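Colleague:
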Amino acid sequence: AQSVTQPDIHITVSEGASLELRCNYSYGATPYLFWYVQSPGQGLQLLLKYFSGDTLVQGIKGFEAEFKRSQSSFNLRKPSVHWSDAAEYFCAVGRLGAGSYQLTFGKGTKLSVIP
Amino acid sequence: DTGVSQDPRHKITKRGQNVTFRCDPISEHNRLYWYRQTLGQGPEFLTYFQNEAQLEKSRLLSDRFSAERPKGSFSTLEIQRTEQGDSAMYLCASSPGVAGYNEQFFGPGTRLTVL
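Just so you know, the protein sequences line up as chains B and G, in that order. Position one of the first sequence corresponds to residue 98 (the working numbering), numbered consecutively onward. Position one of the second sequence corresponds to residue 1236 (the working numbering), numbered consecutively onward.
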């Protein structure tokens, strides 16, 4: 079965600083990888996804992520964090097969931004 | 706004009572998913519909849980004889397409508290 590990439960950064959120996955085949953001009282919003092709993926709100097969990682980055980026971030892996399209999520990383 | 909607947003019930949640997916989205999210955890997959057919159920979906999607439009999730361990956020998502992996669009969730 697939699994997702987000090693950092809580990260605090200063506004304007760079950000990297870590994600490691365990999956036997080529994964479908996603990053979602969840703000209080809001549903999850997709930031970016990787299916195939270029391993550096650009997303919304200035986020990007890099798929590294050798490290089983899909880390999320942003060069300059804004106060509005404070939220919880979830990495997810998709499993394709036998008609299943479910997502397996990590436990999330809560991002706090210091003004 | 034509996003995924869920009703109610909050539900407080006493242990042993039955509750029912509704999800209205984005119009014309074939696929509909239910997830459960407990405090400090990422969403966990419960079940998945392709049109009106329920194609997959997680082992998390005990006999007390039942989900339906009549006519392939809105969906309901019913929990019978609620237990305190059922307290969680119940998320609904929908996605287009018949084949392949597509972005899942999430609703704002229904927060259930079982007293």
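In this text, a Cβ means the ideal position worked out from N, Cα and C, and glycines have one as well. Quick caveat: nothing in here was measured; it's all calculated off a predicted structure.
Can you tell me which residues form a DSSP beta bridge with Asn1253 of chain G?
Modeller: DSSP, once it has assigned bridges, lists no residue as partnering Asn1253 of chain G.
Colleague: Between the alpha carbons of Arg119 of chain B and Thr1237 of chain G, how many angstroms are there, rounded?
Modeller: Cα to Cα, Arg119 of chain B sits roughly 33 Å from Thr1237 of chain G.
Colleague: Please look up how many angstroms separate the CB atoms of Tyr147 of chain B and Ala162 of chain B, rounded, as I've assumed it's under 8 Å.
Modeller: Rounded, the Cβ-Cβ distance is 7 Å, consistent with contact.
Colleague: Buried or exposed: which applies to Gly1251 of chain G, given that a residue is buried once 16 or more other Cβ atoms fall within 10 Å of its Cβ?
Modeller: Gly1251 of chain G is exposed by the Cβ-count criterion.
Colleague: For Gln1319 of chain G, which beta-bridge partners are listed by DSSP?
Modeller: Bridge partners of Gln1319 of chain G: none, in fact.
Colleague: What does Pro1260 of chain G touch in chain B if you count any residue whose Cβ is under 8 Å from its own?
Modeller: Simply none; closest approach about 12 Å.
Colleague: So is Ile106 of chain B buried or exposed if we call it buried at 16+ other beta carbons inside 10 Å?
Modeller: Exposed: under 16 other Cβ atoms inside 10 Å.
Colleague: Identify which residue in G:His1245, G:Gly1277 and G:Arg1257 has its Cα closest to the Cα of Arg1304 of chain G.
Modeller: Nearest C-alpha to Arg1304 of chain G: G:Arg1257.
Colleague: Taking the straight line between their C-alpha atoms, what separation do you get for Asp182 of chain B and Gly138 of chain B?
Modeller: C-alpha separation (whole angstroms): 15 Å.
Colleague: Closer than 7 Å by beta-carbon distance: list the chain B residues that pair up with Glu1338 of chain G, in chain order.
Modeller: Correct list: Leu143 and Lys146.
Colleague: Can you tell me which of the three DSSP states Lys204 of chain B falls into?
Modeller: Three-state result, Lys204 of chain B: coil.
Colleague: Kindly indicate the opening and closing residues of the beta strand (DSSP E) around His1245 of chain G.
Modeller: Looking at the DSSP string, the run of the beta strand (DSSP E) that includes His1245 of chain G is His1245 to Thr1248.
Colleague: Going by beta carbon distance, what residues of the same chain come within less than 8 Å of Asn1337 of chain G, once the five residues before and after it are set aside?
Modeller: Cβ neighbours of Asn1337 of chain G beyond the five flanking positions: Arg1266, Ser1330 and Pro1331.
Colleague: Is Met1324 of chain G near the ligand MN, going by C-beta to nearest heavy atom under 6 Å?
Modeller: Among the components of this structure there are no ligands whatsoever, and the ligand MN is therefore not found.
Colleague: Three or more beta-carbon pairs under 8 Å between the stretch 1242–1249 of chain G and the stretch 1277–1286 of chain G, yes or no?
Modeller: Too few Cβ pairs lie closer than 8 Å, so no.
Colleague: Quick one: which unbroken beta strand (DSSP E) runs of 3-plus residues sit fully inside the stretch 1279–1334 of chain G? Chain order, please.
Modeller: DSSP runs (the beta strand (DSSP E)) wholly in the stretch 1279–1334 of chain G: 1279–1285, 1288–1292, 1300–1303, 1310–1314 and 1323–1330.
Colleague: I need the straight-line Cα distance from Ser170 of chain B to Glu112 of chain B, nearest angstrom please.
Modeller: Going from the Cα of Ser170 of chain B to the Cα of Glu112 of chain B covers about 26 Å.
Colleague: Can you give me the C-alpha to C-alpha distance between Val200 of chain B and Ser1322 of chain G, rounded to a whole angstrom?
Modeller: For clarity, residue 200 of chain B is Leu in the given sequence; the question names Val instead. Each residue's alpha carbon lies about 21 Å from the other.
Colleague: Please identify the residue among B:Ser149, B:Val210 and B:Tyr133 whose C-alpha is closest to the C-alpha of Phe1340 of chain G.
Modeller: Ranking B:Ser149, B:Val210 and B:Tyr133 by Cα distance to Phe1340 of chain G puts B:Tyr133 first.
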